[in-house]
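Under this note's numbering, residues 413 to 948 are what the sequence shown spells out, in order.
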Amino acid sequence: MAGEQSQSDVALPVTVASDAAAGQTVTDQTASESPASLLDQITAQAPGTGTGKPSEKLNPLRDFLTETNLAKLFTHWLGKVPSDQSQLEAARTILSRDIARIDQLLSDQVNAILHAPQFQALESAWRGLHYVWKTRAELVNERGFDEKGTELQIRVLDVSKRELLRNFEKASDFDQNALFQKVYEEEFGMAGGTPYGALLANYEFTNHPDDLDLLSQLSGVGAAAFAPIISAASPELIGLDTFADLEKPVNLEAVFQQTRHRKWRSLREHPDTQFVGLTLPRVLMREPYRDDGSSRHGFRFEEDVQGADREKYLWGNSAWAMGSVLLKAFSSCGWFADIRGVERGVDGGGLVTGLPTHSFHTDAYGVASRSSTEVSISDVQESELCDLGFIPLSHCKDTPYSVFYSNQSVHQPATYDDPVATANARISAMLQYVLCCSRIAHYLKVKARSKLGSNLSPMEIQNDLQSWLVQYVTPDEKAPPSMKAQYPLREADVEVLDAPGQPGKYMLTIRLLPHYQLDQLSSSMTLVARRVDLKE
């Protein structure tokens, strides 16, 4: 709370207009003789609905809550003690109605709180973090890691987009900002530090120039520390009001050719954007609260999510879903090679599990479930969004699961006359390969640091690095997916040469050829009709 108030200055949290019917007394005769009921007094004096000093607003309720005499309790609430059986039955009816009304008043207020954008953002952030943390905890238990789970570490930095951008703008140079110091200097650039495998940014980026500037700065930090940054795209970035508009025919390629997306197109050409991935659409972070009789809150409550307004649901950043995929892949084989696609019966690849789903309103609850994503993306849309630099999350129909079929970075791969060069550029823009190469870069940094001051020749260093890389190479193109996940490289070559004119310095070149994965499947069908004469 922002501050404290004395008890006499606290206003009741009831902000609805008074209802004369709810304050009706037991009989018409006593209605004119008895004072207004307690519920009527409270609603009449609620903020914005009545008059009176704040100190007077709690007096009736305080007297009721502290009263121990049953007769006086009836007097406080109903205005008069029932004197016969008929009045007692009428009082019971009024009490039941008042309780239902109080439940409705509380439900309206709780709905207003739950659906407030600021509260939704707060709840979504915490539930997203809990989702990733829960995935880690399950993996630690299943895979037999040590109790502390040091193989899978999660660190949290609480900073808003505005604060981050302001810090970048105030920095005198690129490497002087606070995020660079945290991610690079204190870990990757320091002996004994633990390099970050990936950074999840709980932001939604729009087409606003400030957002694109921040995205550019983040890509530089990610590239320097070899830590790809996974965040999310806002519907505004793809020229839509909401992701629900994807259910309509939309020419996304034409949208991004407009003048207002010129800065976005320019950003995609920068090589550092290979280290940035933007996911979409949003995912469901929590099922709506249901009045199924199991609530322990003391009143009947069912969250109002009816109607066409999808903003009543608690949506969250789909980057959290990608985070869970990365955790599963790394815990399985120590690499990020298997983070896309889905194999039947296997909890791996790009399969996202554990997200909540909400069922349609049917007579029997749970018969027909909605998707855990804000909108279902078709194969054509998935391919189009991938080409535009996004990572779509697709819902698996009739299941509670979703899947990342691709992991394209923001970077726009260049097109060359040589098909091989074009293919290499496309591979370099895929996050699964960027993540794997980043892990190799982390190791090389550690190895190079350990060689400082030694008298090793370039050939000795080359042989040492080559022997390490061979551990992750299998030339077998027909190897099963599980083996390719453990050995993500088909070829690897290291070359170390003396730097011309710089004694004691070496030039290192590493060539990596990963295993290809099926990205698109094109098919054609030819139908031939032949005239056949039928004879009797």
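We put the beta carbon where it would ideally sit given N, CA and C, even for glycine. Given the structure is predicted, the values throughout are model-derived calculations rather than measurements.
His807 is bridged by DSSP to Ser814.
Within its own chain, the residues whose Cβ lies closer than 6 Å to the Cβ of Met734, once the five positions on either side in sequence are excluded, are Ile642 and Thr691, listed in chain order. In this structure, the CA atom of Ile511 is about 21 Å from the CA atom of Gln497.
Non-local C-beta neighbours of Thr886 in its own chain, meaning closer than 6 Å and more than five positions away in sequence, comprise Tyr899, ordered along the chain. For Glu907, DSSP records a beta bridge to Thr921.
Sequence-distant Cβ neighbours of Gln629 in its own chain, meaning closer than 7 Å and more than five residues away, are Phe580. Non-local C-beta neighbours of Trp732 in its own chain, meaning closer than 6 Å and more than five positions away in sequence, comprise Gly540, Tyr543 and Val544, ordered along the chain. In the assembly as shown, Val882 is an exposed residue. Its beta-carbon has fewer than 16 other beta-carbons within 10 Å. For Pro825 and Lys546, the gap between their C-alpha atoms comes out near 36 Å. Boundaries of the alpha helix (DSSP H) around Tyr845: Leu843 to Ser862. Check the Cα spacing between Glu599 and each of Ser894, Glu889, Val858 and Leu507: the tightest is with Val858. Here DSSP, grouped into helix, strand and coil, assigns Ser840 to helix. Spatial neighbours of Arg712 in its own chain (CB-CB distance under 7 Å, excluding positions within 5 residues in sequence) are listed in chain order as Asp515 and Asp703. Annotated as proximal: Leu627 and Val688, with beta-carbon spacing under 9 Å. Looking at Leu500, Ser784, Ser818 and Phe742, the one whose alpha-carbon comes closest to that of Gly753 is Ser818. Its chain contains Ser783, Thr785, Ser788 and Ser814 as the residues whose beta carbon lies nearer than 6 Å to that of His807, once the 5 sequence neighbours on both sides are disregarded; these appear in chain order. Counting only runs of at least 4 residues, the region 572 to 651 fully encloses the following alpha helix (DSSP H) elements, listed from N- to C-terminal order: 573 to 582 and 621 to 637. Contact between Pro870 and Leu909 holds: CB atoms are separated by about 6 Å, below the 8 Å threshold. DSSP places Trp727 outside any alpha helix (DSSP H); the residue lies instead in the beta strand (DSSP E), whose first and last residues are Leu726 to Gly728. Contact check for Lys675 against Pro621 passes: the beta carbons are separated by less than 9 Å. For Leu868, no beta strand (DSSP E) encloses it, and the DSSP letter there is neither H nor E.
Under the three-state reduction of DSSP output, Gln532 falls in the helix class. Distance from the CA atom of His823 to the CA atom of Phe586, rounded to whole angstroms, is 20 Å. According to the DSSP assignment, Gly689 belongs to the beta strand (DSSP E) that extends over Val688 to Leu692. For Glu659, the CB contacts under 7 Å within the same chain, skipping 5 residues up- and downstream, are Val787 in chain order.
Cβ-Cβ distances below 7 Å link Ala841 to Gln686, Gln820, Ser821, His823 and Pro825 in the same chain, with the five nearest sequence neighbours on each side left out; the list follows chain order. Cα atoms of Glu903 and Glu616: separation of roughly 38 Å, rounded to the nearest angstrom. With a threshold of 16 other beta carbon atoms within 10 Å, Asp684 meets it and is buried. Going by DSSP, Arg674 is part of the alpha helix (DSSP H) stretching over Arg674 to Arg680. Residue pairing by DSSP places Gln820 opposite Met842 in a beta bridge.
When beta bridges are read from the DSSP output, Thr785 appears opposite Val695. The Cβ-Cβ distance between Cys848 and Trp747 falls below 9 Å. The three-state secondary structure of Arg509, taken from DSSP, is helix. Ranked by how close their Cα comes to the Cα of Leu920, the residues His527, Gln874 and Gly913 have Gln874 in first place. Taking a C-beta distance under 9 Å as the contact criterion, Asp750 and Gly766 do not qualify as a contact pair.
Within the DSSP secondary-structure output, Val764 pairs in a beta bridge with Ser814.
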